[in-house]
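Report on the following structure.
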Amino acid sequence: MNVFRLVGDLSHLLAIIILLLKIWKTRSCAGVSGKSQILFSLVFITRYLDLFTNFISVYNSVMKIIYLVTSLGTVYLMYFKFKATYDSNHDTFRIEFLVVPVGGLSFLVNHDFTPLEILWTFSIYLESVAILPQLFMISKTGEAETITSHYLFALGSYRALYIVNWVYRYYTEGFFDLIAIVAGCVQTILYCDFFYLYITKVLKGKQLKLPA
Amino acid sequence: RKATHAKDEL
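Going down the list, the protein sequences come from chains A and B. Here the working numbering is used: the first sequence runs in plain steps of one and ends on residue 212. Here the working numbering is used: the second sequence runs in plain steps of one and ends on residue 1010.
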């Protein structure tokens, strides 16, 4: 555990909490992609199956449980409790276009051809593209609420910090996991355009609106 | 250096 990894994990947690609080306080999930949230839940479920088979540390297990519960909670709020506020006609990304190729790729490129390993690989690949329905939704409506952009910034920062963590681990421990690194880089690159808008607009007190 | 597995990460 190094500081980049820790801050990355906390940034990830902060993102999830920002989103949950936004939905809870405003009693509305307008502008949030339910499809991205379903994909993130699927990511956590398939990745953390080792919660019962492979104990790493109390920190690791507790964080896994928190991520699982909070992401499932977000899906519950969106599809049940506040379903009436869910913007489904703007959330039209076809998730099978992500899930099917990612599923195929995880069978082809993995560390080990075993069920748990393939599911872990699937979750790593899926996470890298799971934000696309949300970004697609913002590009359709042309804007995002400021709180939603804070959520996206925290979520994007998490994987960017993990990249720094991997560079650090490579030099200090000789550690590298090519699958995680390549997927993590793809994931971070997808946020670059958003990061630019966030820094040039949201941080200057303006709302995130895409140029027409 | 051989690739290692990032299973200790979240």
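Backbone N, C-alpha and C fix where the C-beta goes; we use that ideal spot for every residue, glycine too.
For a quick check, are the C-beta atoms of residue i and residue j less than 8 Å apart?
i         : j         : result
Gln37(A)  : Ser71(A)  : yes
Ser61(A)  : Leu51(A)  : yes
Phe194(A) : Leu161(A) : no
Ala212(A) : Tyr125(A) : no
Asp91(A)  : Lys35(A)  : yes
Ile244(A) : Ala154(A) : Any answer about residue 244(A) is impossible in this case: the structure gives chain A only from 1 up to 212.
Ser41(A)  : Val69(A)  : no
Cys29(A)  : Met63(A)  : no
Check each candidate in the options and name the one with the smallest Cα separation from residue i.
i          : options                                    : result
Leu119(A)  : Gly104(A), Gly31(A), Val186(A)             : Gly104(A)
Leu3(A)    : Lys209(A), Val202(A), Val164(A), Ala183(A) : The sequence shown places Val at residue 3(A), not Leu. Val3(A) has its Cα closest to that of Val164(A), out of Lys209(A), Val202(A), Val164(A), Ala183(A).
Phe122(A)  : Thr53(A), Pro211(A), Phe44(A)              : Phe44(A)
Gly31(A)   : Thr146(A), Leu203(A), Phe80(A), Val129(A)  : Thr146(A)
Gln187(A)  : Ala144(A), His90(A), Ile131(A)             : Ile131(A)
Lys25(A)   : Phe82(A), Ile56(A), Val182(A)              : Phe82(A)
His1005(B) : Val202(A), Tyr170(A), Ile189(A)            : Tyr170(A)
Ser106(A)  : Glu117(A), Glu96(A), Thr148(A)             : Glu117(A)
What are the boundary residues of the alpha helix (DSSP H) that includes residue i?
i         : result
Lys35(A)  : 34–47
Ser71(A)  : 58–76
Gly8(A)   : 3–26
Glu96(A)  : 96–108
Leu89(A)  : In the sequence as presented, Leu is not what sits at residue 89(A); that position holds Asn. It is not in any alpha helix (DSSP H) - Asn89(A) carries neither H nor E in the DSSP assignment.
Lys140(A) : 132–141
His150(A) : 146–173
Pro115(A) : 115–129
Lys176(A) : The question names Lys, but residue 176(A) is Phe in the sequence shown. Run containing Phe176(A): none; DSSP gives neither H nor E here.
CB-CB under 8 Å to residue i, same chain, minus the five flanking residues each way: which ones, in chain order?
i         : result
Tyr158(A) : Gly8, Asp9, Ser11, His12, Ala15
Val109(A) : Thr121, Ile179
Val102(A) : Phe122, Tyr125, Leu126, Val129
Ser33(A)  : Asp91, Phe93, Pro133, Gln134, Phe136, Met137
Phe55(A)  : Ser61
Report the neighbours of residue i on chain B: residues whose CB is nearer than 9 Å to its CB, in chain order.
i         : result
Phe122(A) : Within chain B, no residue comes near Phe122(A); the closest Cβ sits about 14 Å away, beyond 9 Å.
Met63(A)  : Leu1010
Asp50(A)  : Lys1007
His90(A)  : Simply none; closest approach about 31 Å.
Ala180(A) : His1005, Ala1006, Glu1009
Phe113(A) : Correct list: empty, because the minimum Cβ distance to chain B is about 14 Å.
Tyr67(A)  : Leu1010
Quick one: what's got a C-beta closer than 7 Å to residue i's C-beta in the same chain, skipping five residues either side?
i         : result
Ala144(A) : Gly31, Ile138, Leu208
His150(A) : Ile18
Along chain B, which residues have their Cβ under 7 Å away from the Cβ of residue i?
i         : result
Asp9(A)   : Leu1010
Ile56(A)  : Asp1008
Tyr125(A) : Ordered by position in chain B, no residue passes the 7 Å Cβ test against Tyr125(A), which lies about 13 Å from the chain.
Phe177(A) : Residue 177(A) is actually Asp in this sequence, not Phe. Residues of chain B passing the Cβ test: Ala1003, Thr1004, His1005, Ala1006.
Can you list, in chain order, the residues of its chain with a C-beta nearer than 6 Å to that of residue i? Leave out the 5 residues immediately preceding and following it.
i         : result
Trp166(A) : Ile181
Tyr191(A) : Gly156
Give the interface partners of residue i over in chain B, defined as CB-CB distance under 8 Å, in chain order.
i       : result
Arg5(A) : Glu1009
Any heavy atom of the ligand FMN closer than 7 Å to the CB of residue i?
i        : result
Thr92(A) : Looking at this structure, you won't find the ligand FMN or any other ligand, since it has none at all.
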